[in-house]
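Chemist: Residue numbering for the sequence shown follows full-length UniProt numbering, starting at 1 and increasing by one per position.
Ideal placement from N, C-alpha and C gives every residue a C-beta, glycine not left out.
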Amino acid sequence: MATTSSAIPASFSPFKIHEILLYERTPISFSSPVSSIRTLRAQSTRTKCSTPSATAKLDDNRQPKQEFMNTDALYQFIQLNLGNWIGFFHQFDSNGKLLHRINTKLSVGSYGEDELISLIQTLYIEQPQSTTSIAGANDEPEWYEYKIKETNMFTVDKYQQIGFFVEQKAFALRYQTAGMLETVLRQGVLGEDDTGEESPKNLKLPSRRPSIVCENCLYSLEKDVRLRAFHIMDPKGCLDTLLVFLEERGGTQLTPSSLDTSQDHEDRIRPHLGKWKGHSVTKRSGVYGATLAEADTVAELNMCSDGQIIQDITSTTNGTDISTNVHWTGNLSDNLVTFDGGFQWTLLPGGVYMGCPCDIGKSVQESRSFHLELCWLESHGKRQRLVRTYDVEGLAVSSTYFFEAKV
């Protein structure tokens, strides 16, 4: 069996971080998409891998399977999202501390047919109780309405660079407006008490000029619940904020959120320790032209008595005898696992962690691809992971879905 280390992209000229990390601002502007895919080639040096998360790699000699986002796939994506969702919006700092939780409702519909079909979404944010009350006034909560930009055949490929997994009910996309996220916080936390003064204590607004905003979404394996998580990187490429929606479709009453619980950092990582076997599916989609690859994976995570974290991942691409091995060591401090290779996990309650490079700017300077990761261990012994891979020009190259069971 042939064995290689984790793959890194071919060398590119370094760019300034603000020039290459593409993200739609308000007003939205877009850079011209790259029309060709750059094949990731396995290198012989293990220490240069850019993330401790193994993703399936394609052999250069294999003929890629071209798949573009067609109307059937878009229709399936819309069907997956349709309905009335009720849940919670959570804001965490980069160290995994819960800053705020806001009640939300999301109404999702569609209009049009065939290639003209569009997804429309309206977000409702519960307003905080007024500090001044009037006797006899209605105590029912008020909800602020926010219209989210449409999703259609044009936006999913050109702007959102969506990675969609139909069977696994998962998707990753580039979010369209940071203004929406700021509105959620301002309206949901400040509400009518927003006087234009400085933000209240603990309220951290996402950067108005973020380098990257990535949304990863995983659906529950057991019920009609989903988790949508946002990495927000500041203009320098460092983690700014983590935002998480936990939503249930068709619900009528808010149930306690698993992300509200206060857990010790060791309690947050303990469910992920051990050996996990599973399967991964990698898709490169959107303007690149999709490539599909699958692999069997074995991941083992151990924690030493001194807090050192050791992770080993082996990925064997289907139809080949080629395995990719990744070995990483790191340290646990509070809710942050920092690996020696420059990658970090922020441990959240409810079996969730979110991973990203410690410094995307450094990855860019060294001409390395980088990854953003979401892991959801919803029930004992089963977990899902979604990894979004970017090239050194800040474009989404691929998305990889993992399903793993503890052995």
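Can you tell me whether cysteine 304 is buried or exposed? The criterion is at least 16 other CB atoms within 10 Å of its CB, across all chains shown.
Modeler: Taking the sequence shown and counting its residues from 1, the one referred to as residue 304 is at position 304. Exposed.
Chemist: Beta-carbon within less than 7 Å of proline 206's beta-carbon, same chain only, minus the 5 sequence neighbours each way: which residues are those?
Modeler: In the sequence shown, residue 206 corresponds to position 206, counting from 1. Excluding positions up to five away in sequence, the list reads Ala178, Leu181, Glu182, Ile232, Asp240 and Thr241.
Chemist: Pull up the distance between the alpha-carbon of valine 298 and that of threonine 314, whole angstroms please.
Modeler: For the purposes of this step, residue 298 is taken as the residue at position 298 of the sequence shown. For the purposes of this step, residue 314 is taken as the residue at position 314 of the sequence shown. Between valine 298 and threonine 314, the C-alpha separation is close to 5 Å.
Chemist: Hey, could you find the ends of the beta strand (DSSP E) glycine 274 is sitting in?
Modeler: Counting from one through the sequence shown, the residue named residue 274 turns up at place 274. Per DSSP, glycine 274 belongs to the beta strand (DSSP E) from 274 to 284.
Chemist: Determine the extent of the alpha helix (DSSP H) in which asparagine 81 is found, giving its start and end residues.
Modeler: Numbered from its first residue, the sequence shown carries residue 81 at position 81. Looking at the DSSP string, the run of the alpha helix (DSSP H) that includes asparagine 81 is 71 to 81.
Chemist: Using 10 angstroms around the beta-carbon of valine 364, count the other beta-carbons present and answer buried if the total reaches 16, otherwise exposed.
Modeler: Locating residue 364 in the sequence shown gives position 364, where the first residue counts as 1. Valine 364 should be labelled buried.
Chemist: Scan the stretch 287 to 340 and note each continuous beta strand (DSSP E) run of 3 residues or more that stays entirely inside, going in chain order.
Modeler: DSSP runs (the beta strand (DSSP E)) wholly in the stretch 287 to 340: 291 to 303, 308 to 317, 322 to 333 and 336 to 339.
Chemist: Is the stretch 111 to 122 touching the stretch 94 to 102 in the sense that three or more CB pairs, one from each, lie closer than 8 Å?
Modeler: The stretch 94 to 102 vs the stretch 111 to 122: no contact.
Chemist: I need the straight-line Cα distance from arginine 186 to valine 407, nearest angstrom please.
Modeler: Here residue 186 corresponds to residue number 186 of the sequence shown, with the count starting at 1. Here residue 407 corresponds to residue number 407 of the sequence shown, with the count starting at 1. Spanning the two alpha carbons is a distance of roughly 45 Å.
Chemist: Apply the 10 Å Cβ neighbour rule to serine 50 and answer buried if 16 or more other Cβ atoms are within range, or exposed otherwise.
Modeler: Taking the sequence shown and counting its residues from 1, the one referred to as residue 50 is at position 50. Note that serine 50 has pLDDT 42, beneath the 50 cutoff, so the model's placement of it is unreliable and the number below is only indicative. Result: buried.
Chemist: When you compare the stretch 153 to 171 with the stretch 381 to 401, are there three or more beta-carbon pairs, one atom per stretch, that lie closer than 8 Å?
Modeler: These segments touch.
Chemist: Compute the Euclidean distance between the alpha carbons of asparagine 335 and tyrosine 390, then round it to the nearest angstrom.
Modeler: Looking up residue 335 in the sequence shown gives position 335. Looking up residue 390 in the sequence shown gives position 390. Going by the C-alpha atoms only, they are around 25 Å apart.
Chemist: Do three or more CB pairs link the stretch 247 to 255 to the stretch 223 to 231 at distances below 8 Å?
Modeler: Touching, yes, given that three or more Cβ pairs across the two stretches are closer than 8 Å.
Chemist: According to DSSP, is proline 271 part of a helix, a strand, or is it coil?
Modeler: On the sequence shown, position 271 is the one that residue 271 refers to. Helix, per DSSP.
Chemist: Go ahead and label lysine 147 buried or exposed: buried means 16 or more other beta carbons lie within 10 angstroms of its beta carbon, across all protein chains shown.
Modeler: Within the sequence shown, residue 147 is the residue found at index 147, counting from 1. Burial call: exposed.
Chemist: Report yes if the CB atom of isoleucine 125 is closer than 8 Å to the CB atom of threonine 104, and no otherwise.
Modeler: Mapped onto the sequence shown, residue 125 falls at position 125. Mapped onto the sequence shown, residue 104 falls at position 104. Contact flag set, yes.
Chemist: Check this for me: beta carbons of cysteine 356 and leucine 372, under 8 Å apart or not?
Modeler: Within the sequence shown, the letter at position 356 stands for residue 356. Within the sequence shown, the letter at position 372 stands for residue 372. Yes, the Cβ-Cβ distance between cysteine 356 and leucine 372 is below 8 Å.
Chemist: Helix, strand or coil for tryptophan 110? Go by DSSP, reduced to three states.
Modeler: Your numbering for residue 110 matches position 110 in the sequence shown. According to the sequence displayed, residue 110 carries serine and not tryptophan. Three-state result, serine 110: strand.
Chemist: Count the other C-beta atoms from every protein chain shown that fall within 10 angstroms of the C-beta of asparagine 81, then say buried if there are 16 or more, exposed otherwise.
Modeler: Counted from its first residue, the sequence shown places residue 81 at position 81. The residue is buried, with at least 16 neighbouring Cβ atoms inside 10 Å.
Chemist: Taking the alpha-carbon positions, what's the arginine 383 to threonine 71 distance?
Modeler: The residue given as residue 383 occupies position 383 in the sequence shown. The residue given as residue 71 occupies position 71 in the sequence shown. Arginine 383 and threonine 71: Cα-Cα distance of roughly 30 Å.
Chemist: Ignore the nearest five residues each way along the sequence and tell me which others in leucine 218's own chain have a CB closer than 7 Å to its CB.
Modeler: As a working mapping, residue 218 is identified with position 218 in the sequence shown. Taken in chain order, the residues that qualify are Ala170, Arg226, Leu227, Leu374, Trp376, Gln384 and Leu386.
Chemist: Leaving out five residues on either side along the sequence, give the residues of the same chain with a beta carbon under 6 Å from the beta carbon of glutamate 404.
Modeler: Numbered from 1 along the sequence shown, position 404 holds the residue referred to as residue 404. Excluding sequence neighbours, glutamate 404 sits near Trp276, Gly278 and Arg383.
Chemist: Count the other CB atoms, across all protein chains shown, that sit within 10 Å of the CB of serine 379; report buried if there are 16 or more and exposed otherwise.
Modeler: What you label residue 379 is simply residue 379 of the sequence shown in a count that begins at 1. Exposed, because fewer than 16 other Cβ atoms sit within 10 Å of the Cβ of serine 379.
Chemist: Measuring straight from C-alpha to C-alpha, what distance separates glycine 381 and glutamate 294?
Modeler: Start at 1 with the first residue of the sequence shown, and residue 381 comes out as number 381. Start at 1 with the first residue of the sequence shown, and residue 294 comes out as number 294. Looking at the two C-alpha atoms, the distance is approximately 22 Å.
Chemist: Measuring straight from C-alpha to C-alpha, what distance separates valine 189 and isoleucine 360?
Modeler: Against the sequence shown, residue 189 aligns to sequence position 189. Against the sequence shown, residue 360 aligns to sequence position 360. Their Cα atoms are separated by approximately 30 Å.
Chemist: Grouping DSSP H, G and I as helix and E and B as strand, with all else coil, what is isoleucine 360?
Modeler: For the purposes of this step, residue 360 is identified with residue 360 of the sequence shown, where counting begins at 1. It is helical.
Chemist: How would you write the range of the beta strand (DSSP E) that lysine 406 sits in, first residue to last?
Modeler: Walking along the sequence shown from the start, residue 406 turns up at place 406. Per DSSP, lysine 406 belongs to the beta strand (DSSP E) from 396 to 406.
Chemist: Taking the straight line between their C-alpha atoms, what separation do you get for cysteine 214 and aspartate 139?
Modeler: Mapped onto the sequence shown, residue 214 falls at position 214. Mapped onto the sequence shown, residue 139 falls at position 139. Their Cα atoms are separated by approximately 37 Å.
Chemist: Pull up the distance between the alpha-carbon of glutamine 79 and that of threonine 122, whole angstroms please.
Modeler: What you label residue 79 is simply residue 79 of the sequence shown in a count that begins at 1. What you label residue 122 is simply residue 122 of the sequence shown in a count that begins at 1. So the alpha carbons of these two residues sit roughly 16 Å apart.
Chemist: Alpha carbon to alpha carbon, how far is leucine 347 from aspartate 260?
Modeler: For the purposes of this step, residue 347 is taken as the residue at position 347 of the sequence shown. For the purposes of this step, residue 260 is taken as the residue at position 260 of the sequence shown. Each residue's alpha carbon lies about 13 Å from the other.
Chemist: Are the CB atoms of tryptophan 345 and alanine 352 within a distance shorter than 8 Å?
Modeler: Against the sequence shown, residue 352 aligns to sequence position 352. Against the sequence shown, residue 345 aligns to sequence position 345. Looking at the sequence provided, one finds valine at residue 352 rather than alanine. The answer is no: Cβ separation not under 8 Å.
Chemist: Under a Cβ-count criterion, where at least 16 other Cβ atoms within 10 Å of its own Cβ denotes burial, should arginine 209 be classed as buried or exposed?
Modeler: Within the sequence shown, residue 209 is the residue found at index 209, counting from 1. Exposed: under 16 other Cβ atoms inside 10 Å.
Chemist: Express the C-alpha separation of leucine 292 and glutamine 127 in angstroms, rounding to a whole number.
Modeler: The residue labelled residue 127 in the question sits at position 127 within the sequence shown. The residue labelled residue 292 in the question sits at position 292 within the sequence shown. Approximately 44 Å, taken between the alpha carbons.
Chemist: Please determine, among Pro271, Gly341, Ser333 and Lys236, the residue with the shortest C-alpha to C-alpha distance to valine 326.
Modeler: Mapped onto the sequence shown, residue 326 falls at position 326. The option with the nearest alpha carbon to valine 326 is Gly341.
Chemist: Please determine, among Ser333, Asp157 and Lys149, the residue with the shortest C-alpha to C-alpha distance to aspartate 306.
Modeler: The residue labelled residue 306 in the question sits at position 306 within the sequence shown. Nearest of Ser333, Asp157 and Lys149 to aspartate 306, Cα basis: Ser333.
Chemist: Taking DSSP's pairing of strands, which residues face methionine 233 in a bridge?
Modeler: As a first step, residue 233 is located in the sequence shown; it is residue number 233 there, counting from the start. Bridge partners of methionine 233: Ile212 and Leu239.
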